[in-house]
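Per our numbering, the very first residue in the sequence shown carries number 12; after that it's consecutive.
Note sheet for the following structure.
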Amino acid sequence: MHAANIGPEFGKENLKFVNIEKPQAKSGEVLVRITKAGLNPIDYNLIHGKIVYNLSPVPHIPGSEAIGVVESDGTIFKKGDRVLIYNRIFDGTCDMCRSHSEHLCRNGGIWGVVSNGAYTEFVSISERNLFRIPEGLSEEVAVSLPVGGLTSYRALSRAGVRPGDSILIYGASGNTGIFASQLASIMGLDVYGVSRKPWVKEFGCSTVFSTGEVPKDFKADIVINSLGADFWKESVSHVASGGKIVTFGVLTGREASLDIAHLYTNEIGIIGSTGGSLEDLSRLLRLTDKHELKAPVATRMKLMQLGRALDEFEKIRDGRIILEIS
Ligand SMILES: [Zn+2]
């Protein structure tokens, strides 16, 4: 079977496609045929050698967001089940796992980063990482839930959002932004997006500011900045007194400065968030029963076109890049 491969030299020019043996399902695991995979900043950064987490193994099969079909019977899942993959490796026994924070497992990490990932035809994976895809949920949304959907859901819940709060979302047309806007709108917030793409209005934003054009005196109760350093100073300036800024990404850089006096004199809270727990994903899936989520797709490509997909990723796109694997 085919797999994308990167390392020990990184950068898309060093991306290879290799023929490897189909894996065997180990005890507690099932074999999953990957049908679709997403391309997210984490995969892009990994391929370019800019990953902030421990990478293993090297050379490496990237891909941390995928759906597929179960190919071997397990104890919970049966051959033919359509599943999405919760993308955290976790031991289930440490104090973090036992307090429902599997994504912070002391002995774990991101599937596709601390382990080989989704950019291949078959994977063997623990049944506890699998969720059945509900009938009626589109495959485009399903494949976007493990990273974009879950990260946004948890970020909103960490911020303690309440109906009526205002929220300003940087990168509203990005993989997480489209879900942060939709979920915030479902949760009853007044949603303001920052994007060059006016279509984000169809994804829950009542108002869209073009990048760099948020009015100076505009304030929101919650600000989401998943873009990192370049927008840090600006995004903090838009947090209302008593409000919060939430961050979960560093696409434009990981170091920024902070006016500490501004922070405490306005009682601003800074919240870090990363991925989400099994319970978060379970809640998010339940929410899709009642509310329709949408995932715009800019491009669909085959696994062998991953290099081109990475080029596309560098542009400001009209939605997600989906890899059709098998
Ligand atoms: Zn653990």
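We treat Cβ as the ideally placed atom computed from N, Cα and C, and that holds for glycine.
Look at the region 281-335 and you find these whole runs of alpha helix (DSSP H), each 4 residues long or longer: 289-301 and 317-324.
Within the chosen limit of 7 Å, ligand 1 does not reach the beta carbon of residue 198 with any heavy atom. Between the region 150-158 and the region 88-95 there are three or more C-beta pairs closer than 8 Å, enough to call the two in contact. When DSSP states are grouped into helix, strand and coil, residue 79 belongs to the strand group. Between residue 258 and residue 148, the gap from beta carbon to beta carbon reaches 8 Å or more.
Residue 225 and residue 205 have their C-alpha atoms spaced approximately 7 Å apart. Annotated as proximal: residue 317 and residue 334, with beta-carbon spacing under 8 Å. Residue range 243-248 is occupied by the alpha helix (DSSP H) that includes residue 244.
In this structure, the CA atom of residue 326 is about 26 Å from the CA atom of residue 122. Residues 263 and 264 of the same chain have their beta carbon placed closer than 7 Å to that of residue 241, with the five preceding and five following residues left out of the count. Residue 48 is positioned such that its CB atom lies no closer than 8 Å to that of residue 24. If you look at residue 158, you'll find it isn't in any beta strand (DSSP E); DSSP assigns it neither H nor E.
Look at residue 98: its beta carbon is at least 7 Å from all of the heavy atoms in ligand 1. The distance from the Cβ of residue 181 to that of residue 238 is about 5 Å, consistent with a contact at the 8 Å cut-off. Residue 196: member of the alpha helix (DSSP H) spanning 188-197, first to last residue.
Scanning 261, 273 and 19 for the CA closest to the CA of residue 254 turns up 273. One residue list follows from the rule of a beta carbon closer than 5 Å to any heavy atom of ligand 1, given in chain order as 101, 102, 105, 108 and 116. In the structure shown, the three-state DSSP call for residue 72 is coil. Its Cα nearest to that of residue 62, the residue 22 stands out among 145, 79, 22 and 30.
DSSP, reduced to helix, strand and coil, places residue 131 within a strand of the structure shown. DSSP assignment within the region 16-49 yields the following whole beta strand (DSSP E) runs of 3 residues or more, N-terminal first: 27-30 and 40-49. Between residue 169 and residue 281, the gap from beta carbon to beta carbon reaches 8 Å or more. Proximity to residue 186 across 53, 42 and 13 peaks at 53, based on C-alpha coordinates. Boundaries for residue 106: no beta strand (DSSP E) harbours it, while the alpha helix (DSSP H) harbouring it runs 106-109, taken from the DSSP string. CA-CA distance, residue 221 to residue 208, rounds to 8 Å.
Of the candidates 215, 305 and 191, the residue whose Cα lies closest to the Cα of residue 235 is 191. Residue 142 places its beta carbon 8 Å or farther from that of residue 45. Annotation for residue 158: 49, 51, 53, 75, 76, 98, 186, 187 and 286 place their beta carbon closer than 8 Å to its own, counting only its chain and skipping 5 residues before and after. Between residue 251 and residue 245, the alpha-carbon positions lie close to 13 Å from each other.
In this structure, the beta-carbon distance from residue 71 to residue 16 falls below 8 Å.
Cβ neighbours of residue 210 within its own chain (closer than 8 Å, five residues either side excluded): 184, 307 and 329.
Of the residues 105, 278 and 247, the one whose Cα lies closest to the Cα of residue 269 is 247. Of the candidates 55, 194, 101 and 229, 194 places its Cα closest to the Cα of residue 167.
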